[in-house]
Amino acid sequence: MAMTLSEKILARAAGRAEVSPGEIVEVPVDVAMIHEGTGPLALKSFRSLGLEKVWDPSKVVVILDHYAPSPSEAAAENQKMLRDFAKEQGIAAFYDIDQGICHQVLPEKGHALPGQILVGTDSHTCTAGALGVFATGIGSTEMAGVFATGRIWFKVPESLKLVYRGSIPPYITPMDIILATMKRLTSEGGNYKALEFAGPVVEAMTVGQRMTLCNMAIEMGGKVGMVAPDAVTLAYLRDRAKEPFQALAPDADATYEETIEFDISRLVPQVACPHSVDNVRDIGEVEGTTIHQAFLGTCTNGRLEDLRLGAAVVKGKKIPPSVRMIVIPASREVFLGALKEGLVQTFVEAGAIVANPNCGPCCGNHQGILAPGEVCLSTANRNFSGRMGRGAQLYLASPQVVAASAVAGRIVHPARLWQAG
Amino acid sequence: MPITGRAWVFGDKVDTDVILPGKYLVLSDEGELGKHALEGFDPGFVTKVQPGDIIVGGRYFGCGSSREQAPVALKGVGIAAVVAETFARIFYRNALNIGLPALECRARHLFQDGDPVSLNLETGEIRNLRTGQMAQAKPIPPFMMDIIAAGGLMNKIRVSLPKG
Ligand code: SF4
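So the sequences go chain by chain: A and B. Here the working numbering is used: the first residue of the first sequence is 1, the next is one more, and so on. Here the working numbering is used: the first residue of the second sequence is 422, the next is one more, and so on.
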């Protein structure tokens, strides 16, 4: 039987010739990731089992990224707990607060390989799907179960194929493409499903750009968001993968619950408005909205590709005193790249604050929480009420739109910024 | 065995940041988390809710983050079960894994805040004891029922572990 990408991976993992949607399969886990936001609860559950050792420390990745360096005693305690755990368990893949956001660090350090089953106690674990990994977020207790047994069950999801064609218009980034997809599918349109991103537009993207698409799969409820591995994937992994892998691809005649085609040739920049990620408008509808903070970063759009776009917009310009612009590279590798290319200098000269790689204000922990009534335009993936401070209004857009709006002091189409000089 | 409690009726897409704002992710104690349950919706919720109360929600309950602290906070404040038209995937798994019953059912239109609810996990029967109206939930998949019967995933794994 022909299978989709996620069916292929689940079948391989389950040691079966084929699987079909709706079936429950129990599979061994290749990579299990925790961070200090949800990891402590996993450890608490794990300890309650009375076990001393995780099933296989070489498959566990521990990352401190959600609030780094720690902004409070409680946060410091959580980080210490994970540090101690990694040491006690002999977990080599431990990344302290200097390394960056888990979803960026996992692929960069070669922990996410095509064909694997990767679980993490974070909903955006689906980001690694950009490399053809079956990667999904799970809860803390479920992770304790994985730590104990090395296995997890999945219902084989129905697959949706999202195919992107057309030529990319100016000022259009993967963020605009995925926000337009959100608008069409809605935030529950992919609930329980596997999303496969395909088509010439996706094939032409870098791994980093594909990660922006896959990152947002969960915002449509998706279990996974994936891109079939190709030459771009293999080139990315050449110096990163430390073990062999099987680059499984979907069968050409696989059955999808639905195939949705997008022609992006006429797409204009997209903005998600408060308080739902699928409340997406064409930029023209929200232009002129005053902003107090512009945030460029996160696991959605904090990569070198994104910083380059933002820096090109603010270069030689001044961010007005009415706006705080915060730039946070997604990882140390990204940060180093940005330093080398002079992007950090460009941002700082324009008046932005550049912080160390971590999640920053994205889920309301530190480094830019807003006051009630304030407006933030961000490159993140979520604009739920209260996420970055109670009573704040969150809009989401591409790095270019965020940077241009920071300079303008209000939401603006990047093209207009150039016109205005 | 039916569970009975008072209904709290919610709309669609009650997300995890509303159920438990991210700043409380530093907590892991059920009681402590319970003090902030649904704070993003109504900071006074915890003073009004009573142990045994039941949430009756709309579509896509618990969407957003994978934070298990969200269902733990609901359990911590004494919520006995969540009924919703549909759940976000991770929330559903988390709720059942920590022993908070979650039933998929279109029942919201039958309830007002404070109505007495009775629900039967085995049969999926949900009843408004004030009006007598009834709705039928989708059955909980058998292996999930095993987890609930064991009192959560940890208990289920505990008994399956080799002794000694
Ligand atoms: S950057 Fe935001 S969305 Fe991404 S892992 Fe961190 S908190 Fe979650």
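Even glycine gets a Cβ: it sits at the ideal position worked out from N, Cα and C.
Residue i: first and last residue of the uninterrupted alpha helix (DSSP H) it sits in
{"i": "B:G426", "result": "That residue, B:G426, is in no alpha helix (DSSP H); its beta strand (DSSP E) goes 423-430."}
{"i": "B:I568", "result": "563-571"}
{"i": "B:V493", "result": "490-497"}
{"i": "A:G39", "result": "39-48"}
{"i": "A:Q116", "result": "It is not in any alpha helix (DSSP H) - A:Q116 carries neither H nor E in the DSSP assignment."}
Any non-hydrogen atom of the ligand SF4 within 8 angstroms of residue i CB
{"i": "A:T428", "result": "The question about residue 428 of chain A has no answer here: the residues shown for chain A are numbered 1 through 421."}
{"i": "B:D438", "result": "no"}
{"i": "A:H366", "result": "no"}
{"i": "A:G37", "result": "yes"}
{"i": "A:H66", "result": "yes"}
{"i": "A:A294", "result": "no"}
{"i": "A:H111", "result": "no"}
{"i": "A:H275", "result": "no"}
{"i": "A:N383", "result": "no"}
{"i": "B:H530", "result": "no"}
{"i": "A:G310", "result": "no"}
{"i": "A:G297", "result": "yes"}
{"i": "A:H103", "result": "yes"}
{"i": "A:A380", "result": "yes"}
{"i": "A:D306", "result": "no"}
{"i": "A:D98", "result": "no"}
Span of the beta strand (DSSP E) around residue i
{"i": "A:H35", "result": "31-35"}
{"i": "A:Y422", "result": "Because chain A spans 1 through 421 in this model, residue 422 of chain A falls outside it and cannot be assessed."}
{"i": "A:M226", "result": "224-226"}
{"i": "B:Q557", "result": "555-557"}
{"i": "A:M325", "result": "324-327"}
{"i": "A:I63", "result": "60-63"}
{"i": "A:G137", "result": "134-137"}
{"i": "B:V439", "result": "Counting along the chain, B:V439 falls outside any beta strand (DSSP E), though it belongs to the alpha helix (DSSP H) covering 437-440."}
{"i": "B:I578", "result": "That residue, B:I578, is in no beta strand (DSSP E); its alpha helix (DSSP H) goes 574-581."}
Reduced DSSP secondary structure (H/G/I, E/B, other) of residue i
{"i": "B:Q471", "result": "coil"}
{"i": "A:G421", "result": "Because A:G421 carries a pLDDT of 46, less than 50, the predicted location of this residue cannot be relied on, and no value is offered for it."}
{"i": "A:D263", "result": "strand"}
{"i": "A:D282", "result": "strand"}
{"i": "A:L248", "result": "coil"}
{"i": "A:A204", "result": "coil"}
{"i": "A:K155", "result": "strand"}
{"i": "A:T289", "result": "coil"}
{"i": "A:T300", "result": "helix"}
{"i": "A:Q99", "result": "coil"}
{"i": "A:Q393", "result": "strand"}
{"i": "A:V401", "result": "helix"}
{"i": "A:E18", "result": "coil"}
{"i": "A:Q367", "result": "coil"}
{"i": "A:F384", "result": "coil"}
{"i": "A:E196", "result": "strand"}
{"i": "A:F94", "result": "strand"}
{"i": "A:P174", "result": "helix"}
{"i": "A:A180", "result": "helix"}
{"i": "A:E333", "result": "helix"}
{"i": "B:F462", "result": "coil"}
Best match in the options for proximity to residue i [C-alpha to C-alpha]
{"i": "A:D306", "options": "A:V286, A:D176, A:S6, A:I260", "result": "A:D176"}
{"i": "A:N358", "options": "A:G39, A:V62, A:L370, A:D98", "result": "A:D98"}
{"i": "B:A391", "options": "B:F431, B:I424, B:P423", "result": "Residue 391 of chain B is absent from the model: chain B starts at 422 and stops at 585."}
{"i": "A:I407", "options": "A:L394, A:L195, A:E349", "result": "The displayed chain sequence assigns Val, not Ile, to residue 407 of chain A. Closest option to A:V407, Cα to Cα, is A:E349."}
{"i": "A:E52", "options": "A:G288, A:A86, A:G100, A:G222", "result": "A:A86"}
{"i": "A:I24", "options": "A:L106, A:K155, A:Y95", "result": "A:K155"}
{"i": "B:P562", "options": "A:A144, A:W153, A:F134", "result": "A:W153"}
{"i": "B:Y481", "options": "A:L237, A:E188, A:L296", "result": "A:E188"}
{"i": "B:V493", "options": "B:L459, B:G479, B:G535", "result": "B:L459"}
{"i": "A:E243", "options": "A:E77, A:Q293, A:V31, A:K80", "result": "A:V31"}
{"i": "A:G373", "options": "A:Q345, A:S140, A:E26, A:T290", "result": "A:T290"}
Cβ pair residue i, residue j closer than 9 angstroms
{"i": "A:P114", "j": "A:L10", "result": "no"}
{"i": "A:T125", "j": "B:S487", "result": "yes"}
{"i": "B:A523", "j": "B:G485", "result": "no"}
{"i": "A:H413", "j": "A:Y171", "result": "yes"}
{"i": "A:I91", "j": "A:V286", "result": "no"}
{"i": "A:S331", "j": "A:E36", "result": "no"}
{"i": "B:N518", "j": "B:L574", "result": "yes"}
{"i": "A:A198", "j": "A:G129", "result": "no"}
{"i": "A:G222", "j": "A:V29", "result": "no"}
{"i": "B:F466", "j": "B:V503", "result": "no"}
{"i": "B:G426", "j": "B:P583", "result": "no"}
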